[in-house]
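Letter by letter, the sequence shown follows residues 0 to 544 in numbering that gives the first Met the number 0. All C-beta atoms, glycine included, are put in the ideal place defined by N, C-alpha and C. Here the structure is a predicted model, which is why all the values come from computation and not from measurement. The block underneath contains the structure these notes are about, expressed in structure tokens.
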Amino acid sequence: MVEEKMNSHTGIKGLDLYFEDDGVYLQLSDEEGRADTLQMIAYIKRKNIEGADLGLISRTISGKSTAKVKVADAQAEVILNEDFDAEVDKYRMFAYLTLFPGDVGGRELSKEELLDDLRAKYKVVAGINEELIERMLAEKQFYKKELIAEGKKPVNGINAKLIYHFEVEGFGKQALQAANDEEKINFREVNQFTRVNKGQELVTRTSPTKGEAGFDVCGNTVSAKDGVEVALPKGRNMTYSEDGRTLLSAIDGRLEFVDGEINVSASVKIGGDVDMTVGNIAFEGDVEVMGNVNAGFSINANGNIVVHGMIESAELTAGGDIVAKNGVSGSDKAILKADGRISAKYIERATVDGRQSVTAEFVLHSVIMSEGFVDVTKGKGAIIGGTVSAGEYVAAKSIGADSGTATNIEIGISPAKRNKYKEIQDALPTYDAGLGRLKLALDAAANPNNPKNNPKAAAELKVKLGELLKQRSLLTQQLTELEEAMQSAQDGRIHVADTVYPGTKISIGSCNLQIRQENRFVTYYREKKDIETMTYHYSGRKEEK
């Protein structure tokens, strides 16, 4: 038996092969930790035993017998060297290595030989983990499949994207959400549209990035896609930043997002009522309301306000005009104020202040004010109750009522303007005294013959003198405008196309007249310290004087 085992050693633990004169024999040992069946079969196949009974070999290895079994006829033994097998996936991004043991007396596999064969036979030249290969060889990690080469996947560039500096869906939702975070919600303060200012950034376009190419384990370049550009959604009243990557609002207005484009509108149009679903409105431009303005709500616009429905006990403030196409029913709480004109079909129990003018077809128990004129000559043309004051004139078909309803009509400048006039008059002497002192100081500092002259101080005094002169000039201009307004008030008229009723009080400047009997087709005017009458003389709004 000793002679038989001289050629029985294999590289597989627990497996012996005997190449004897009468045949090739296989024998399993009963030692623990012997190789598994697949490893044994793979090893035997590598031995290239001619005429081997593979079925018998498989049954023997799978069984538990340790008997010596003849598996082939006699032949010379092939001594195996250490070897390997490699697999490359179909995309050539991964290469796997499996080491195979050699026989006793066989040659060990070197790293250099393995790498050369990888390159020549499998074309694996890139992404190789040589450190892992060295460890596998040193530790004799046979029959263990390891990833020993990995390509680099390409990294596609990032497409440009749009960064919106506002909430794209439902512009008003951010305000509503903020309100919902509070324990108590004042829905009147929830604005359901987005206001923007001129120059405000609305959308920024990021820059696309270049793709980064990869490679496979065979050294081939794997191309990447560059990121693509995206168009900015430029609509009306938009402009670009200097670098062309940000959209800016070209005007103050309302933001609109329509069909993928961003527009800025100079006006706001509310399709229905101003109520809880809309909230109070504050806007830089014009506001148009197709329905009513419900009680308790407010509209504040730098432009014009047009309301097609009714204005209830609400507050409206406009930098331009206010148009109430279906009237004002204010319940003694409505307040309308405009720097321009205010026109309404009727005004009932409201406070209305139109700087340029106020026009209506009917005014009932209201406070009406205008630095210009008040015209109630269309339609019913009646002013009943309340107080109507104007800087230039008041015109109506009828004033007061046959029931003697107290009605006040006033022509003259407002108390605020009177106070302003007095303030300017009182301030001018102080300015004049200050100017005198500055001029004396400037002359002394700028005089070259004065031993105490100071050119630097002279320059500073000159600047101060210019500023003070500018301030005084502005006050003088304001004083002139107020004097003209006061003179216009002295020349003011009250025109009644039909009847003025007892209970009406007429005031022009400091002169007053209590109407004690009906008067018809009359124009009231001031003559020195008295209020006189003449036949109705009014040719239309903004009469020529």
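Is N262 helix, strand or coil by DSSP?
-> strand
Distance CB(K336)-CB(T358) smaller than 8 Å: no
- request: State yes or no: is the C-beta of E314 within less than 8 Å of the C-beta of S297?
  value: yes
query: Quick one, which of G433, A381, K528 has its alpha-carbon nearest E360's?
result: A381
#### Entry: Per-residue burial, Q513 [other beta carbons within 10 Å of its own, 16 or more giving buried]
exposed
Checklist entry - Who are the near neighbours of D84 in its chain, counting only those whose CB is closer than 8 Å to its CB and skipping five residues on each side? => result L96, T97, F99
| query | Using a Cβ-Cβ cut-off of 7 Å (strictly less than) and excluding sequence neighbours within five positions of Q140, which residues of its own chain qualify? | reply | L98
- Using 10 angstroms around the beta-carbon of N303, count the other beta-carbons present and answer buried if the total reaches 16, otherwise exposed. buried
**Prompt:** Where L27 and A212 are concerned, what is the direct C-alpha to C-alpha distance, given to the nearest angstrom?
**Reply:** 54 Å
For E287, does the three-state DSSP call read helix, strand or coil? strand
Check: Ends of the alpha helix (DSSP H) at Y163?
Finding: Per DSSP, Y163 belongs to no alpha helix (DSSP H); it is in the beta strand (DSSP E), 161-163.
**Asked** Is it buried or exposed for H494, if we count other Cβ within 10 angstroms and need 16 for buried?
**Response** buried
- Every unbroken beta strand (DSSP E) inside the segment 97-152 [3 residues or more]: 145-149
* Would DSSP call Y239 helix, strand or coil? -> strand
Say whether the segment 227-234 touches the segment 254-261, bearing in mind that this needs 3 or more beta-carbon pairs closer than 8 Å, one atom from each stretch. yes
Exercise. What residue from E81, D82, I48 has the CA that sits closest to K69's CA?
Worked result: I48
- Query: Is the CB-CB distance between G378 and S356 below 8 Å?
  - Reply: no
Reduced DSSP secondary structure (H/G/I, E/B, other) of T475:
helix
### Task
Would you kindly work out how many angstroms separate the C-alpha atoms of I412 and T532, rounded to a whole number?
21 Å
Cα-Cα separation, G295 to S312 | 6 Å
**Asked** Which residues in the same chain have their Cβ closer than 6 Å to the Cβ of G101, if we skip the five residues on either side of it in sequence?
**Response** G10, L79, N80, E81
Rounding to the nearest angstrom, what Cα-Cα distance links L460 and A444 in this structure?
9 Å
Per DSSP, which residues does M275 bridge with? Please list them.
M275 is not bridged to any residue.
Measuring CA to CA, which of K110, N511, A394, M309 is closest to A137?
K110
Taking the alpha helix (DSSP H) that K44 belongs to, which residues open and close that run? 36-45
Query raised in the report: What's the call for G243, buried or exposed, on a 16-neighbour Cβ count within 10 Å?
Result: exposed
Worksheet item: Can you name the start and end residues of the alpha helix (DSSP H) that T503 belongs to?
Response: Looking at the DSSP string, T503 is not in any alpha helix (DSSP H); the run it does join, the beta strand (DSSP E), is 503-507.
**Q.** N- and C-terminal bounds of the beta strand (DSSP E) containing G252
**A.** 252-257
* Below 8 Å on the Cβ atoms is my guess for V221 versus P207; work out the distance and round it to an integer in Å. => The pair is not a contact, with the Cβ atoms about 20 Å apart (cut-off 8 Å).
Q) So, I383 versus T404, is the Cβ gap smaller than 8 Å? A) yes
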